[in-house]
Structure formats: C-alpha cells, structure tokens
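Below you'll find the structure, written out as structure tokens, and then a few comments.
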Amino acid sequence: MTRWVVTDLDGTLLDHSYSWEPARSTISALKQQGILVIPCTSKTAEEVRAFRQDAGLSDPFIVENGGAIYGNNADGSEWVVPLGAAHSILRPQLDELSQALGHELVALEDLSAEQGEALTGLRGEALASAQRRQWSVPFLTAPEALREPLRQLAAQHELLIVQGNRMSHLLSGGSHKGRAVEVLKQHLQQPDVAVLGLGDSPNDLPLLEAVDQAVVVPGAQGPHPVFQEAIASGRFQLAPAPHGEGWARAVSSWLANESR
Numbered sequence: 006m007t008r009w010v011v012t013d014l015d016g017t018l019l020d021h022s023y024s025w026e027p028a029r030s031t032i033s034a035l036k037q038q039g040i041l042v043i044p045c046t047s048k049t050a051e052e053v054r055a056f057r058q059d060a061g062l063s064d065p066f067i068v069e070n071g072g073a074i075y076g077n078n079a080d081g082s083e084w085v086v087p088l089g090a091a092h093s094i095l096r097p098q099l100d101e102l103s104q105a106l107g108h109e110l111v112a113l114e115d116l117s118a119e120q121g122e123a124l125t126g127l128r129g130e131a132l133a134s135a136q137r138r139q140w141s142v143p144f145l146t147a148p149e150a151l152r153e154p155l156r157q158l159a160a161q162h163e164l165l166i167v168q169g170n171r172m173s174h175l176l177s178g179g180s181h182k183g184r185a186v187e188v189l190k191q192h193l194q195q196p197d198v199a200v201l202g203l204g205d206s207p208n209d210l211p212l213l214e215a216v217d218q219a220v221v222v223p224g225a226q227g228p229h230p231v232f233q234e235a236i237a238s239g240r241f242q243l244a245p246a247p248h249g250e251g252w253a254r255a256v257s258s259w260l261a262n263e264s265r
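Per our numbering: the sequence shown = residues 6 to 265.
Quick look at the structure:
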C-alpha cells in the first residue's frame, strides 16, 4: 500500500524554536520505507526548500496554507500547481477588507525587522524568506470580536481567512490544505494512497479532515481548543507529547499499526 505522511511544520514537527531534532530518526525511517514525507505548511516555498535540504527530503510540498503545491521532476527541475490567486492580487484585497472592517489588518511583509522577529522569532534572511509571499498574505490576527465579521466579508469576495498560531492568512477561496492534498493525489495519480496527517492549529483543520488518520500535535499547554470535540469523539488522535517528540511517537505508532 502506498502511504504518505502529510505534516504541518511550525508548532507540529517544529517547535517554537524551529527545531525538529526529536523527529530526525523517524523521518529517516520513513525515507527508508519509501513513504513520502510531504510538508503542508504556511511557510513559503523558499522556506520549505531550506527545510527539505536540511531534512534530506525530495518529496512534493504544499506551501502557504494550500496556496500552491511544488515538487521536482526526474531531471531536478521544479514544477508548481497554483491553487489560487497570486500575492499581487491578494495584497490589495487585504487593504479593501481593512477598510470594510474599519480595522487595519497589518500584513507580515509590512512589519519592521524588530516587529517581525518579535512575532515569528525569525531574523535577517530567514524573516525575509517568510515575508516574500507568492500565494497568500499573512497578517496580524484581528481582535476576536472582528474575526467572524472578517471571515464573512472575505467570503463575500470569494476569499478565505485561516488562522494559525502566530498570525492569520488571506488566500483565495478554496485554497486550503485539504484541497491541496486532494489535488496532489490527482497530480501524482495516487488516488488511493493512505494518508497520515498531522497538525496543531486551526489552519490545519482542512488537512486533518482530508486524511485517513488525523493526529493533533499539542503545544506545551495542550492541544488547541478548536480540536477538542474531534479528539473527544476519537475522530482525531492526540499525539502523546508536543512538537517533534509527539510527532515522532505518533508516526511510529501509525507505522506499527499499518504494518500489522
């Protein structure tokens, strides 16, 4: 049976210092078994390329919360499947939403180096890589009372707002992690692949709802409240520890069960 591990990065495989060391041996085991390890993240393509090089991965990857899918051809050239509008189209729409909402929605790219580091923990070229968007516009999350009105305004313009741990993201309607997984199955002509999905924040919900087995990786204070019902009902599993350690243990358990 063909199997994939489709995983969020920040807060899931990576801790908040961007370390994934506890999962290194598990990733090696997946590679040895020929199981694709597919990042599915809010990160940009250039950020994921750097992670893949560090982790020794060559599998396809999903960027910017499902804005596009990337991969490599046999000759090493890169292919891309866009799933929504480009950043150049979305960026002015964020400003229009700000005006309609009566609240300034501050884009990640507009933050100073100091503000960006305070928000993301990134500095220098790492921060610049996160700010150079192609398929989405990350922005400072609106106050709680404005989040539902903002989502409704966005929907009226066929736009989607997804919320992560550090910020929110504006994408084209229908551009989300779950759709990206389905499109990748079609692109690779593997419609019956068995998929393990792992995530930690609300923007991972479409991913976890699209896979065969869903695992919520908790933070240091436990899982995000948005997953409470799905975990309680058994629809989603809860990893036994935060970040890379919990990721590795959940993946190892899945491998053991799948091998029976």
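Where is the CB? At the ideal position from N, CA and C, for every residue including glycine.
Task: Among Ser82, Gly71, Leu127, Pro247, nearest to aspartate 19 - alpha-carbon criterion - done: The sequence given here has leucine at residue 19, not aspartate. Residue Pro247 is the option with its Cα nearest to leucine 19.
Task: Sequence-distant residues of the same chain with beta carbon closer than 6 Å to proline 223, five excluded per side - done: Pro247
Task: Span separating the alpha-carbon of serine 82 from that of alanine 237 - done: 44 Å
TODO: Excluding the 5 residues preceding and the 5 following proline 143 in the sequence, name in chain order all residues of the same chain whose CB lies nearer than 6 Å to its CB.
DONE: Leu113, Met172, His174
Task: Among Asn77, Glu69, Pro228, Leu102, nearest to alanine 91 - alpha-carbon criterion - done: Glu69
TODO: For the beta strand (DSSP E) containing isoleucine 293, list its first residue and its last residue.
DONE: The requested residue 293 is not part of the displayed model; the chain covers only 6 to 265.
TODO: Run the CB neighbour count on glutamate 52, radius 10 Å, all protein chains shown included, and call it buried at 16 or more, exposed below.
DONE: buried
Open item on the list: On the criterion of 16 or more Cβ atoms from any shown chain inside 10 Å, does alanine 185 qualify as buried, or is it exposed?
Closed with: buried
TODO: Going by CA-CA distance only, name the one from Arg156, Ala79, Leu151, Pro245 that's closest to valine 205.
DONE: The sequence given here has aspartate at residue 205, not valine. That would be Pro245, whose Cα lies nearest to the Cα of aspartate 205.
- [ ] In the DSSP assignment, find the unbroken beta strand (DSSP E) run with isoleucine 166 in it and report its ends.
- [x] 164-168
Open item on the list: leucine 35 and aspartate 64 - do their beta-carbons sit closer together than 7 Å?
Closed with: no
- [ ] State yes or no: is the C-beta of glutamine 218 within less than 7 Å of the C-beta of leucine 201?
- [x] yes
Open item on the list: Among the candidates Glu109, Ala79, Ile74, Ala50, whose CA atom is the shortest distance from the CA of proline 148?
Closed with: Glu109
- [ ] Could you tell me which residues DSSP pairs with valine 86 in its beta bridges?
- [x] Ile74
Open item on the list: Starting from alanine 50, trace the alpha helix (DSSP H) in both directions and tell me its first and last residue.
Closed with: 50-60
Task: Which of helix, strand or coil DSSP assigns to leucine 203 - done: strand
Open item on the list: I need the straight-line Cα distance from arginine 57 to glutamate 101, nearest angstrom please.
Closed with: 36 Å
Task: For tryptophan 9, the first and last residue of its enclosing beta strand (DSSP E) - done: 8-12
Task: Own chain, CB closer than 8 Å to glutamate 26, minus 5 neighbours either side, in chain order - done: Gly249
Open item on the list: Beta-carbon within less than 7 Å of arginine 254's beta-carbon, same chain only, minus the 5 sequence neighbours each way: which residues are those?
Closed with: Ala244, Pro245, Ala246
TODO: Check whether the Cβ atoms of valine 188 and proline 207 sit closer than 7 Å, and answer yes or no.
DONE: no
Open item on the list: Residues in the same chain with beta-carbon distance under 6 Å from valine 220, minus the five sequence neighbours each way, listed in chain order, please.
Closed with: Leu203, Gln242, Ala244, Ala255
Task: Cα-Cα separation between alanine 160 and serine 117, rounded to whole angstroms - done: 30 Å
Task: Bounding residues of the alpha helix (DSSP H) (the contiguous stretch that carries serine 30) - done: 29-37
Task: Which of helix, strand or coil DSSP assigns to alanine 261 - done: helix
Task: Classification of alanine 50 by the beta-carbon crowding that lies within 10 angstroms, buried from 16 upward - done: buried
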